[in-house]
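Below: the structure, in structure tokens.
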Amino acid sequence: MITYVGVTLLGLLALSIPVGVVLFLLGFGIDIFFSNFPLIRGLGNMVWSASNSATLIAIPFFVLLGEILVRSGVAERTYAALDRWVSWLPGGLVHANIATATMFSATSGSSVATAATVATVAMPQAEKLGYDPKLFSGAIAAGGTLGIMIPPSINLIVYGFLTQSSIPQLFLAGLIPGLALALMFMLITVIICVIRPDLGGMRRTFPFPQMMRALVDLVPIVLLFGLIVGSIYRGWATPTEAAAVGVAGAFLIAFVFGGVSWDMLTQSLTGTVKITSMIMLIVIGASFLNFTLASAGLGRELTTFMEGLGLSPLGFILVVVAMYIVLGFFIETLSLMVVTIPIIVPMVLVQGYDVIWFGILMIVLIEMALITPPVGLNLYVVQGARKSGSLNEVMLGAIPYCLTMLLMAFLLIAFPNIALFLPHALQ
Amino acid sequence: MIERLRAINKGVALMVGFGLLACAAFVLTDIIMRRFGTSLGGTEEIAGYAMALATSWGMSYTLLELGHVRIDILRTRFQTFGKAVFDVFSICVMSGVVITIAIKAWPVVERSLVNGSRANTPLQTPLIWVQLPWFAGWVWFAIMSTLLSFAAISLVFKRRYGETEAIVGAFAEQDTLK
Amino acid sequence: EDLSVVGSWSSLPLHNAYEAPFWTETLPAASGGTINVELTTHNQMSLGLGDIYPLLGQGVYDVAMTVGDYAVSDAPELEGLDVPLLALTADDARAMVDAARPMVADIFRDRFNSHVLAIAPYPPQVVFCNADIASLADLEGLKVRASGRMTALLLEALGAEGVNVSFSEVPGALQKGVVDCAVTGAGSGYSAGWWEVSTHLLPIPLGGWDPVVTAINLDKWNSMSADDQALITSEIVTGFEDPAWASAQGALVNDVACLTGNGECVGGEARAMTLVEVSEEDFTRARTILTSEVLPDWAERAGGDWATRWNESVGTAVGVSIE
Ligand code: NA
Ligand code: NA
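Protein chains in written order, with our numbering: chain A, 341 to 767; chain B, 153 to 330; chain C, 339 to 661.
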């Protein structure tokens, strides 16, 4: 059955059938070929239960928040401000891409939205200033993935929802690894650009007063992050409710910057609906597939398989890492999480690992999946904003960052406290 | 026809969007009221319903805006005709699946109708109030994808392969975020 | 005979200690190998809690077990199976459940096209408070996290405010005062570390006993041989129901000991929550509210002759009558 799922999944995806639809088709196939029971009768209930979720309403809220920020010009100002501060580094504006992505990650719950935000404001600069398109766009795709690691994070909400673990603790756990990854991205950029200065484009320094003035443009994002995360940790709002707080905050900021108009509002709303439905078709498809897989006994099949390997906890976790890397090539990230959590997490816990820690490790691996072809949503988002050149350039540019993430995964395994320090310290 | 469908579904999406906005306002009001020691109550339940409705009614807009994610590594290697075949096949499969979902969604509604089901919450919301519009959204999505399939097939029969891209292609012409 | 069985929460003792051994070992062995079971749990299938019995009725799987309360959306009359505060000991709870059994059987036949095989207890749902309380009356004005409609209505009638918080967020909510009290099983609260963030424990079943109903799809049941039916009916009592009930009272006493340090805590470290003794007057008042407000309200929701049937069965067993 594992083979069937793998092969059929890849085949159907290659036919360019929408990903969400492929998940439903796989579920139908499992019902027909691997189950003695009429699982399809559960379809309606699964679709209803998967979408009737107060937790998941955080998705449209966080998407809307991002849309408002972009359409009100806040994103551009932030980018310009960070440009003033980091473009003196070898690699120049590439660092501004990463820094902007990091800042937006702190207000955005999704990696795709983060990448899209940065790509829209950064891409026009790349050609103007003569950057190598590979590294430049790769950095945006990779930086964007931080959106699901640095709180708030839709994926961590879904993880907490499915594993019954604390979402605020997950958010705390993601903060240090997220910031560490951002620094590592910048470090690798410096290293690459010292070796190959031609990849980095122009290094620019700005007079100090200009840098100070630019700080003002960073205030809204910092405030918004404080509002969202603060309302969670002060106990005012659940992570889902905090998303609504964020929407209000974003409106306020847009209003102050004079960016609120009827057009901006309608575009933000329809854009939100479009992205939400896109994500939800996949989430609903994944939960139906999940239901058929579990009913057909995938859990047992996998458990037997893993027990047969007779691995130590470390060996086991390394196999899990390898599995996520391979699956990550082909499966859309949210689906990957939703499909694997019910099977993998119980096995990981049996091996004595911490559920919060594993959530963060999984996020790093999922972040990698976002920038590995053929199915790497961030690559497409960045490519979509480029309008020229081929997708291959983005893929190549993302490789160094991909390796950095792998390093981060190993660091997390070697030093679990990178993730667990904050939740334990603030408990 | 496609332009008209797009316009209609944009209107639907806008309503869904305002619904979500209202829901955010509702949640926010509740958060603020809790600071003052009272509560509207039931925000979580209502947010769940809002999400279910937004999901089912938003699908068609995403479909017409070519927003449902597709992997096109193989597809891009083909010329116009090949791409058209991929696209028509894809939309037909999609219609089949969505029609199946709409059909299988009915028993859920029927059960609530027959049992007079109410939510297991203090609000005791009659589920049919939410499930009927939710079901209607999936039926709407099924109708839209079927219409789109026919439109795409008829273009192929008229040998206007280049035009399928615009209605059932892999990506929207315009970007999501401008 | 092949049976696909969907168990209750895979992380809780009821599943691990009783359900899983019964369905995967006891029953197949007793059948001499003629009955094969495929066991999973509803959380492993990521089923919506309200979907478990409806899907059973549609034959998506053969056997399912879960808390009856999850299904009251489709069957309000089922709320009468688990009324809070009526049974204080496991023996009382079992007497109550046994009295309700014929009603439950009818409800499952009519609403979910299935046949009831067994009813087993989850631990009673007690109250953890991060507030200085000395009696039930002190709940007045406090924010309490509870699940289930009848419990929520009872709390409201007692003057408390019901708040929705998911299980995993309760510790944080207690700590920050988003809620003052929360209701869950003593054992679950102990293992989830609620004692770290709450000070007082009210060891009364304010949330009821959360009886777990095991049922089999009616078509499947009718298609089975009389021998198989008889075997399952008798084995499930001796191999599952009896042992689960037998351990329930001991588990409650032990869990309370572990949480408060009063008595011996087996299998864990004792904590130091304050045990709140509920007075007789408190109880009388709560029961009065229950019989004068909450239960009549239920009788109206359930409709039909359910109130009468309840009075004649459960009511007689626990000495309470809906007014
Ligand atoms: Na984020
Ligand atoms: Na990938």
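C-beta atoms are modelled at their ideal positions from N, C-alpha and C, and glycine is treated no differently.
- The three-state reading of DSSP puts C244(B) in helix, counting H, G and I together.
- Among the residues of chain B, those whose CB is under 8 angstroms from the CB of W388(A) are A204, A257, V260, Q283 and W286, following chain order.
- Going by DSSP, M663(A) is part of no beta strand (DSSP E) but of the alpha helix (DSSP H) stretching over P653 to F670.
- Bridge partners of A520(C) according to DSSP: F466(C) and R483(C).
- Here the C-alpha atom of I253(B) lies approximately 29 angstroms from the C-alpha atom of G234(B).
- At least 8 angstroms separates the CB of A459(A) from every CB of chain C.
- For the pair of segments examined, the stretch 472-484 of chain A was found not to touch the stretch 752-767 of chain A: the number of CB pairs separated by less than 8 angstroms stays below three.
- For G500(C), the neighbours in chain B by C-beta distance under 7 angstroms run, in chain order, P274.
- Y460(C) has a beta carbon lying at 8 angstroms or more from every beta carbon in chain A.
- Legend: CB atoms of the stretch 369-386 of chain C lying less than 8 angstroms from CB atoms of chain A belong to residues E376, T378, N381, Q382, M383, S384, L385 and G386.
- For A584(C), the number of other beta carbons within 10 angstroms of its own is below 16, and it is reported as exposed.
- Distances between the C-beta of A271(B) and the heavy atoms of ligand 1 are all 7 angstroms or more.
- In the structure shown, the three-state DSSP call for S356(A) is coil.
- Taking 7 angstroms as the upper bound on Cβ-Cβ separation, chain C lies near residues S627, N630, F631, A634, S635, G637 and G639 of the stretch 627-641 of chain A.
- With fewer than 16 other Cβ atoms inside 10 Å of its own Cβ, Y344(A) counts as exposed.
- Look at A176(B): its C-beta is not under 8 angstroms from any C-beta on chain C.
- Runs of the alpha helix (DSSP H) lying entirely within the stretch 556-617 of chain A and spanning at least 4 residues, in chain order: 579-596.
- Contact between A590(A) and L405(A) holds, with the beta-carbon distance rounding to 5 angstroms and staying under 8 angstroms.
- A439(A) carries a helical assignment under DSSP once its states are collapsed to helix, strand and coil.
- Going by DSSP, H453(C) is part of the beta strand (DSSP E) stretching over S452 to A458.
- Against chain A, a Cβ distance below 7 angstroms from K558(C) picks out nothing, because the smallest value is about 10 angstroms.
- The contact set of S411(C) on chain B, defined by CB atoms closer than 7 angstroms, consists of S269, R270, A271, N272 and L279 in chain order.
- In this structure, the beta-carbon distance from V614(C) to L496(C) does not fall below 8 angstroms.
- Out of M489(A), R424(A), V660(A) and L539(A), the CA that lies nearest to the CA of L689(A) is found in V660(A).
- Scanning chain A for C-beta atoms nearer than 8 angstroms to the C-beta of Y213(B) yields T610, V613, K614 and S617, reported in chain order.
- Within 9 angstroms of the CB of F401(A), the CB atoms of chain B belong to L172, C175, A176 and V179, in sequence order along the chain.
- Around the beta carbon of P549(A), a 10 Å sphere encloses fewer than 16 other beta carbons of the protein chains shown; the residue is thus reported as exposed.
- The stretch 248-268 of chain B makes contact with the stretch 375-392 of chain A: 3 or more CB pairs, one atom from each, lie closer than 8 angstroms.
- Membership of T207(B) in the alpha helix (DSSP H) is indicated by the continuous run T195 to L216.
- The three-state secondary structure of N385(A), taken from DSSP, is helix.
- Under DSSP, R270(B) forms a beta bridge with P278(B).
- Nearest CB-CB separation between M296(B) and chain A: not below the 8 angstroms threshold.
- Within the model, the alpha-carbon separation for F565(A) versus F293(B) is close to 37 angstroms.
- Distances between the C-beta of S477(A) and the heavy atoms of ligand 1 are all 7 angstroms or more.
- Listed along chain A, the residues sitting closer than 8 angstroms to P392(C) by beta-carbon distance are N385.
- In the DSSP assignment, D340(C) falls within the beta strand (DSSP E) that extends over D340 to G345.
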